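Student: Start counting at 1 in the sequence shown, then tack on 1107, and there's your number in the working numbering. We treat Cβ as the ideally placed atom computed from N, Cα and C, and that holds for glycine. Since this is a predicted model, take the numbers as computed values, not measurements. Below is one structure. I have some questions about it.
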Amino acid sequence: MDIVSDLPFTLKLIQKYPVETIQEARVFCKEEQDIWKNNIITLSVEENEEMDLYFNADDPEARLYMETLSMIPADDLYIKKDRHGRIFRAVSPEHFALYRSGRGYDALRVDTFRIAVLCQNEWYYGTLQILPKPIAIEEWQMMRDDIEHEIRDLSQEIVRHSIGIGNNHENIPPKVIHNFLVMRKYSNKVMMALTDISSNPRSEIITVYENVSRNEGENYSFDAETVRRFAVRSGSEPTYKIPVKTVNYDIQENRILKRILLDYEKKLEQFIKLIDEMDVASQSKISWKNNLEEFKGRAVRLHKMTAILKSQKWYALIQDLRDPYIPHGLILDSRYSLLYQMHLDLKRDDIDLGLNTEFSYTWKSSSYMYEIWCYLKICRIFMSEYIFVPDGENDTVDDRTLFPLLDVGKTIHFKKSDLRLEVIYDMCLPLKQEDTSLKQPLYMARHHSDYRNHNRPDLVVHIYDTQEQWYLGSIIIECKYRKLNSFWTENSSRSSRGQLEAYYNNARSRILYGGIGELFNIRPVTKVIVLTPDDFGDGQEQTDFGVLVKSFKASDDDKMVNELKTVLLSEIARMRDRYELAKRLRKSL
C-alpha cells in the first residue's frame, strides 16, 4: 500500500461550533482500492455538525471530487462538472460550506465517503467518515442491521396472519409463504403472458433440406447448398436436396419456458393443496380484501392456463433445457422476461416485500432510522403478548406485497381477550373535538395564541375494551435521537419539555370510557414515554405530566427491550384498573 502524506495540495475540514477546530487531511493513497482494503480514514466528523472545507493548491487545475459536493447549493461558482459529467470543486483561497443546518443543505448520512483529488496530473484517494452522534458507530450499525432483520421477520409474521395462516399453520415453512406471495404478485400479468404465448410463441425460421426427385425439381428453388451437393456428387443422385423454410419452436427461449412452467406448476399445486387443507375456522377470521378462496381460484385458473399451453402442438416439439445461457430474445420479449423474473423471485431465499426505495435505510438520516427502529421494536413487543389483527384493507396494495408498518398514519391492530390495541405511526392528531370518533378518539386542545400546537407524536398506542366498545386511553411515545441535555434541559433552545408536557396536558377525548372520562375530566393520555439512545436519560421522569424517559438502543441483549415492555404492559394494566373504576362510576350515575 502506497500511503502519501507529502501532498501538493491542502485540504482542511473546519468546524466553528462550539469552538473552532481544524482537521488537515494528511493520509491519502495512490490507488483507490487501498483506502477500502486498509480502512483509511482521512477526515472524520459527527453527523449533523456544521462544517466547512478548504481546498487549495499551487496547481490551478487541481480538482476535488466528493460525492457530497452534489448537496451544495448550485450558486457555488467553484462547483463544476468535468467532461464525464462528474462534479468537482476547483481550488479556491476561501473555505466553503459543506453543511449548514436549515439553509438548504442536506445533512450528510452516517457513512464513509470517497475523496479523490486530481493535482499535477496525479490522483490521490482518501475518505471522509461521518460518525453517528449520540451512539457509537458499532451501535449504529447494529441498529441498521436490526431494522432490516426486524422488517423481514415482522413482515413474514404479518403476512402469515393477513393471509389466514398465522395461528393454525405456524409450521408452514417461510419458503412456502414466499412462493405464494411471489405467485400472487405476478398472477395477473402471468395469466396474460401465458395466454399470449400459447397462441403466439417465440420461434425462428430455419432452413431444412428435403430430398425430391429430379422430375419434380423444377417446382422448387435451389440454393448454394443444393448446387454444391449436386456438383460434388456429379449428378449421380436421382434426387435434389432442396431448401425448405420452416418454423422452429425448439429454441432456447422455449426450453427455458418449459423449465419455468414445470417449476411453476409444482408450486401452484402446492398452494392449492395448502388452501384445501386449511380449516373453515381459519378462513372465517380473515378480513382481508381478497379472501383465500379468491387466491385459490386465481391459482386454479393459472394451473389450467399452463395445461392449455402445454397441450399446444408446438410445445410437444420443445426439448428439455440443456445449456443454461439466457438468450437476448428472452430479455427483449416482455412475456418471456416477465416469467423469467418471476422464476428468479421464486428461487430467492428471502421474501421480496416490495419495500419502496423511500425505505432504503442506507441513505436515511440517523434520526429517522432510530424512529423506525423504535417503532419496529415496539411492534415486536406487542406481538409477543398480543395477536396481530389484519386491518382488512391496507395490508396489500394491488398485487404487491408490502410491509405496511412504515406508512405515515398507518395503524397496526393487536388483540388479547377483551383488549384491543392500535399502534399508530407518525400520526397527526386533530385539533378539534368534532374531528374525533371511536376510530380517532384523541385530539389536542388548541392554543389560541402563537404558542405551537404539538399534535404529531412519533407513536400513539390506543387501548380499547372490545366488550363495552370503550376507548380506555392512550400512550404517546416520542423517539429522540439526541443526548438527554439537548431535549430535557428546560432552558435549552432545543428543549422538548414543552412538547412532551403538551402531549399529556392538552390531550382530550369526548368518548373516553363511553363519555365518563370527559364528564369527570379524566386525562386520556396516561403516559408519555421518551426513548433516547443516551444512557444518562434512563429513568428521568416528570411525574406531574406523566413523562418518562427510557434509554433505548441496539445492544447484544434484550435488557432495554424487556424494561420497555414492562413499562408498556404495566401502563396498560393501570388503564384497565381505571376502566373498572369507570364502570363502577357508570353504575352509580
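1) Inspect the CB distances between the segment 1148-1157 and the segment 1191-1203 and report whether three or more fall short of 8 Å.
2) Any chance you could list the alpha helix (DSSP H) runs of at least 4 consecutive residues sitting entirely within the segment 1190-1265, in chain order?
3) Would you kindly report the start and end of the unbroken beta strand (DSSP E) that includes SER1658?
4) Give the straight-line distance between the Cα atoms of GLU1311 and SER1418, rounded to the nearest whole angstrom.
5) Can at least three beta-carbon pairs, one atom from the segment 1668-1683 and one from the segment 1616-1629, be found at a separation below 8 Å?
6) So the candidates are VAL1315, GLU1376, LYS1373, ASN1361; which of them puts its Cα closest to the Cα of THR1353?
7) Within the continuous alpha helix (DSSP H) that includes ASP1141, where are the two ends?
8) To the nearest angstrom, how far is the alpha carbon of TYR1686 from that of ILE1382?
9) Could you compute how far the alpha carbon of TYR1287 sits from the alpha carbon of LEU1451?
10) Among residues of its own chain, excluding the 5 on either side of TYR1432, which ones have a beta-carbon nearer than 8 Å to its beta-carbon?
11) Whose C-beta lies closer than 8 Å to the C-beta of SER1695 among residues of the same chain, with five residues either side of it excluded?
12) Would MET1299 be called buried (16 or more neighbouring beta carbons within 10 Å of its own) or exposed?
13) Could you tell me the distance, in whole angstroms, from the CA atom of ILE1519 to the CA atom of ILE1584?
14) Write down every uninterrupted run of the alpha helix (DSSP H) in the segment 1528-1607 whose length is 4 residues or greater and which is fully enclosed by it, in chain order.
15) CB LYS1144 to CB VAL1111, shorter than 8 Å?
16) Closest to VAL1351 by C-alpha separation, out of LYS1380, PHE1378, LEU1369, ILE1313, would be which residue?
17) Going along the chain, which residues of its own chain have a beta-carbon closer than 6 Å to the beta-carbon of ARG1604, five neighbours each way excluded?
18) Under three-state DSSP, which class holds PHE1378?
19) Excluding the five sequence neighbours on either side, which residues of its own chain have a C-beta within less than 7 Å of the C-beta of ASP1542, listed in chain order?
20) Could you pull the start and end residues of the beta strand (DSSP E) that VAL1515 belongs to?
21) Counting Cβ pairs closer than 8 Å, one from the segment 1218-1231 and one from the segment 1437-1452, do we hit at least three?
22) From THR1128 to MET1534, what does the alpha carbon distance come to, in whole angstroms?
23) For LYS1523, which option in SER1544, PRO1537, ILE1494, GLN1540 has the closest C-alpha, if you only look at C-alpha atoms?
24) Measuring CB to CB, does TYR1620 end up less than 8 Å from HIS1561?
25) Is it right to say GLY1192 is buried, meaning 16 or more other beta carbons lie within 10 angstroms of its own, or is it exposed?
26) Would DSSP call LYS1396 helix, strand or coil?
27) Going by the CB atoms, is the gap between VAL1654 and VAL1635 shorter than 8 Å?
28) Would DSSP call ALA1406 helix, strand or coil?
29) Counting only runs of 3+ residues fully inside the segment 1110-1178, write out the beta strand (DSSP E) ranges in chain order.
30) Tell me where the alpha helix (DSSP H) around LEU1424 begins and ends.
31) Can you tell me the Cβ-Cβ gap for VAL1530 and LEU1566, rounded? I've got them flagged as a contact below 8 Å.
32) Candidates LEU1538, LEU1416, PRO1564: which alpha carbon is nearest GLU1478's?
33) Which of helix, strand or coil does DSSP assign to ALA1414?
34) Would LEU1205 pass as a contact of LEU1160 if the rule is Cβ separation under 8 Å?
35) Less than 8 Å separating the beta-carbons of GLY1233 and PHE1116?
36) Just the Cα atoms here: how many angstroms apart are TYR1212 and ILE1237?
Tutor: Reading from the atomic positions:
1) no
2) Taking only runs of at least 4 residues, no alpha helix (DSSP H) segment lies wholly in the segment 1190-1265.
3) Taken as a continuous stretch (DSSP letters only), the beta strand (DSSP E) holding SER1658 covers 1654-1658.
4) 20 Å
5) no
6) Looking at the Cα atoms, VAL1315 is the closest of the given residues.
7) That run of the alpha helix (DSSP H) goes 1139-1144.
8) 42 Å
9) The amino acid occupying residue 1287 in the given sequence is Phe; Tyr does not appear at that position. Rounded to the nearest angstrom, the two C-alpha atoms are 14 Å apart.
10) GLN1359
11) none
12) exposed
13) 15 Å
14) 1591-1595
15) The Cβ-Cβ distance between LYS1144 and VAL1111 does not fall below 8 Å.
16) ILE1313
17) Cβ within range, chain order: GLU1597.
18) helix
19) TYR1550
20) No beta strand (DSSP E) contains VAL1515, which DSSP labels as neither H nor E.
21) no
22) Cα to Cα, the separation comes out at about 41 Å.
23) ILE1494
24) no
25) exposed
26) A caution first: LYS1396 carries a pLDDT of 38, below 50, which makes its placement in the model too unreliable to give a value.
27) yes
28) In the structure shown, ALA1406 sits in a helix (DSSP, three-state: H, G or I).
29) 1116-1122, 1128-1131, 1150-1153, 1158-1164, 1170-1173
30) Counting along the chain, LEU1424 falls outside any alpha helix (DSSP H), and DSSP gives it neither H nor E.
31) 7 Å
32) PRO1564
33) helix
34) yes
35) In this structure, GLY1233 lies away from PHE1116, with their beta-carbon atoms at least 8 Å apart.
36) 16 Å
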